[in-house]
Amino acid sequence: MAEAAHGKAPDQAGALTRPTADPQRLTRALRLVSECNSVLVRVHDEHALLDAICHLVVESGGYLMAWIGYAEHDAQRSVRPVAQSGHEADYLSRVRVSWDESELGRGPTGTAVRTGTTQVNQNWLTNPRMAPWREAALQRGYQSSIALPLRDAGGCFGALTIYGVEPDAFNADEVALLEQLADDLAFGIGAARTAQARRNAVAALQAAEQRWRLVLDNAADAVLLTRPDGRIDYANRQAAALLGRSLPELLGAAMDDALRADAPLPHGGAPGAGATRAEATLHRADGSAVPVEVNVVRLPDGDDYASYRDISERKRYEAQLEYMATHDALTGLANRTLLADRTEQAIVHARRAGQLVAALLLDLDRFKVVNDSYSHAVGDALLREVALRLRDAVRDGDTVARLGGDEFMILMTDLDSADDVARFAQRLLAAVAQPLHAGGHELVVSASLGAALYPRDGEFAATLMRNADLAMYRAKDAGRAGFAFYAPDMNQRMRERLELEGGLRRALDGEVLQLHFQPQIDLRDGRVCGAEALLRWPGGASPTEFIPLAEETGLIQPLGAWVIDRACAAIRDWQRAGLEVPVIAVNVSARQFQHDDLPEQVAQALRRHAVDPRRFEIELTESAVMDNPQRALDLLGRLAALGVRTALDDFGTGYSSLAHLKRLPIGSLKIDQSFVHDLTTDADDAAIARLVIALGHDLGQRVIAEGVESAAQLQFLRRHGCDAMQGFLFSAALPAAAFAELLRSGRRLELDAAATP
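Letter by letter, the sequence shown follows residues 7 to 763 of the working numbering.
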């Protein structure tokens, strides 16, 4: 619903003259204007002013209802009620008043806002233009109405609309007074808005000042504001704490007196030129120094804003990072980066002085055994103790560095001859070999040491370090716990070694490797009772060459896993072919046996190929088992729980403890072929073979002889009760297909009846 427009048409203008002037009503209107002006002078809040005017119009003016609406510039050009008084009965909430050109905008209020002219409706009952809204108005007692525009310099911004309780309520004199009231109200609204804007500006200024003071007072950095004359105008608590002074001491003090620094502090440039940043060292009141980061900017009023951030922690952190970048975290020794830098400097100095430089690479022997047998914590303690010994052994000016793992390098300068290096190397190895305590354990370790000399063995740091590494490996190959100088032929051997390693990796990845199977023969009836799986590299190196390399480079782990998996796959294939498959034994190297996941690796292969564990046997060397008997007991126990057999290979070549041997779940002992080879001609070898057979039987174990090649050896072994043999006397190791054919043929070893026990 909307109010109908009622402009000042000629008939309307005449209508204003018809009502008889009522002195009492005129007096009341004059009093209303006076009271409203009094309110306009006293009340400065816009909303309170509007409410008070509407209230006076009803109470003092004797009108039924009055409301004030503001013109909105939304899509509907609506008039929003902002104040009301009198009998309204939800009239304003139900009607929608607009000031546009539509029918809704042609009511008195909308027309007054749109045209900026007073709109009078003298009679809702008889005015034909009000017919659409007559019933709603009459129900609320509205008989007449007037809409008075509210104008300012920008135009009409709203209207005051008043409703009379009787027809012809607005004569010309009363309308004039009400128009004066509307103009005064519009002026009062503008004044209230101006006053409110002023109050808002003052409040905003105060809030801004409080805000920046709150921010600066609680800033993490020290803050100073200095006037153009160089005196401090503001300082926060952090500035006082940073400088070790009180706030009263700082405020008003000269900047140069309050802040003492190692160098002139920066100043702000031109206003708006951006901040000036620098690092400086300030001196507190007690004389202590503090490094700071300074940030200075020139403000528009000429003052300098300066913040000072304590960067002591950052400087410590940077120093720590620099130390960590050049030193080993575990031992505190120089690391590879610092060593390379010092080596280059030493070479430059030696070139000028005509002297020698030595790079010595020291590697602990069998360090991995310490980690595996005790713990990595014990291994770390051992490395720290070795580092201390090396530092104590070198001369002032020499450098000891840890390259990683158990490798250390010693850089010696100002040398006159290689003999000095050799003598020092012997002292160094002797110092390392002394018993030491690590992690509550007394340990004895040895080391291998290689040396390269400038300029003989290289003129650059990288070359010296590489050649020292080659020399160290030569010392290890010679039996460990020794020393070697670099020799040119080491490069060729190393290249061959790298080529062999690369070829082995490619062979493993490309499925080039093969398993051959050497039959094991039961010496009671000559039948095939088992086989040993042997790794072969067709077209490549022999096992005696690539197996040690695989152990050294870590390739033994994937290589060993491949052998276990392929052996299980072969058993599966033979069983699917309907063959009676004997026990197949797989050799596990000492390095592979050191990993705790070996039993799980075997279990997965057995499950993957659905192989009966009783058909599978693990062969371990005597040294691998006896290196850590307690750990071996655990691993062998886990294998036995799977149902997998275990054989002790090369028995008699190590130093087995019988006390440990009897506790281990081992099913077979294998007499090493070094004893079998001469057992018919060498009394000692024959005695050892007899002892192994007797010992194995006493422990309830089968005994298998390796490398049997002659009938005489066979007769000796059968005569003394050996259970089984393998060797060229019956067959070399066969490819999987040939071994399957052997099983299919049922061929047996022809035993000499006369030699049968």
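Think of the CB as a built atom: it goes at the ideal place given N, C-alpha and C, for glycine as much as any other residue.
My output table needs one value for ASP495: the three-state DSSP class, helix, strand or coil. helix
Which of helix, strand or coil does DSSP assign to VAL589? strand
Identify, in the order they occur along the chain, each residue of the same chain with its Cβ nearer than 6 Å to the Cβ of ALA393, setting aside the five sequence neighbours on each side. THR337, LEU339
Just list the beta strand (DSSP E) runs in the stretch 59–106, keeping only unbroken ones of 3 residues or longer that don't cross its boundaries, in chain order. 71–77, 85–92
ASP475, buried or exposed, once every other Cβ within 10 Å from all chains shown has been counted against 16: By the neighbour-count criterion, in which a residue is buried when 16 or more other Cβ atoms sit within 10 angstroms of its Cβ, ASP475 is buried.
I need the DSSP call for ALA616, collapsed to helix, strand or coil. coil
Alpha helix (DSSP H) segment containing GLU180, residue limits: In the DSSP assignment, GLU180 falls within the alpha helix (DSSP H) that extends over 178–223.
Return the bridge partner residues of ILE624 from the DSSP annotation. VAL592, THR652
Following the continuous alpha helix (DSSP H) through LEU368, name the residue where it begins and the one where it ends. LEU368 -> not in any alpha helix (DSSP H); beta strand (DSSP E) instead, spanning 362–370.
Quick check on the DSSP output: the beta strand (DSSP E) that includes ARG408 runs from which residue to which? Where ARG408 is concerned, the enclosing beta strand (DSSP E) stretches over 405–410.
Using C-beta distances below 7 Å, list every residue in its chain close to LEU154, excluding the 5 sequence neighbours before and after it, in chain order. ALA118, THR124, ALA165, LEU166, LEU184, GLU185, ALA188
Please state the DSSP three-state secondary structure of GLN520. strand
Between MET415 and LEU367, which are expected to be in contact by the criterion C-beta below 8 Å, what is the C-beta distance as a whole number of angstroms? 5 Å
For THR405, count the other beta carbons within 10 Å of its own beta carbon; 16 or more makes it buried, fewer makes it exposed. Which is it? buried
Alpha carbon to alpha carbon, how far is ARG512 from VAL650? Give it in angstroms, no decimals. 31 Å
Determine the closest residue to ALA742 out of VAL376, ALA226, HIS522, with distance taken between C-alpha atoms. HIS522
Could you give the residue range of the beta strand (DSSP E) that holds LYS321? Per DSSP, LYS321 belongs to no beta strand (DSSP E); it is in the alpha helix (DSSP H), 318–332.
So ASN473 and ALA487 are supposed to be a Cβ contact under 8 Å. How far apart are they, rounded? Contact flag wrong, Cβ pair sits at about 21 Å.
Determine the closest residue to GLY68 out of TYR169, ILE74, ILE238, with distance taken between C-alpha atoms. TYR169
For LEU22, which three-state DSSP category applies? No answer about LEU22 holds up, because its pLDDT of 43 lies below 50 and its placement is not dependable.
Looking at the secondary structure, which residues open and close the alpha helix (DSSP H) in which GLN30 lies? 29–48
If we count the other Cβ atoms within 10 Å of its Cβ and call it buried at 16 or more, is TYR240 buried or exposed? Under this definition TYR240 is a buried residue.
So what's GLN526 in DSSP terms, helix, strand or just coil? Three-state result, GLN526: strand.
At least three beta-carbon pairs within less than 8 Å, the stretch 737–755 to the stretch 549–569: no
Can at least three beta-carbon pairs, one atom from the stretch 572–592 and one from the stretch 626–638, be found at a separation below 8 Å? The stretch 572–592, when compared against the stretch 626–638, does not touch it at the 8 Å Cβ threshold.
Determine the burial state of LEU362: buried for a count of at least 16 other Cβ atoms within 10 Å of its Cβ, exposed for fewer. buried
On the criterion of 16 or more Cβ atoms from any shown chain inside 10 Å, does VAL221 qualify as buried, or is it exposed? exposed
On the DSSP bridge list, what partners appear for ASN242? According to DSSP, ASN242 bridges with nothing at all.
Could you tell me which of ASP310, LEU642, LEU370, ALA481 sits nearest to ALA281, measuring between CA atoms? ASP310
On the premise that VAL714 lies in contact with GLY733, defined as a C-beta separation below 8 Å, what is that separation, rounded to the nearest angstrom? At roughly 4 Å, the Cβ-Cβ gap stays under 8 Å, so GLY733 and VAL714 are in contact.
Are the stretch 190–197 and the stretch 281–301 touching, with three or more C-beta to C-beta distances below 8 Å? Contact annotation: the stretch 190–197 does not touch the stretch 281–301, with fewer than three C-beta pairs closer than 8 Å.
In terms of DSSP beta bridges, what is TYR148 paired with? According to DSSP, which records beta bridges pairwise, TYR148 is partnered with nothing at all.
Go through its chain and collect everything with a Cβ distance to ALA203's Cβ below 6 Å, but skip five positions before and after it. none
Going by DSSP, name the residue or residues bridged to ALA457. LEU366, PHE491
Classify SER150 as buried or exposed, calling it buried when 16 or more other Cβ atoms lie within 10 Å of its own Cβ. buried
Taking the straight line between their C-alpha atoms, what separation do you get for ASP158 and GLN82? Those two C-alpha atoms are separated by around 22 Å.
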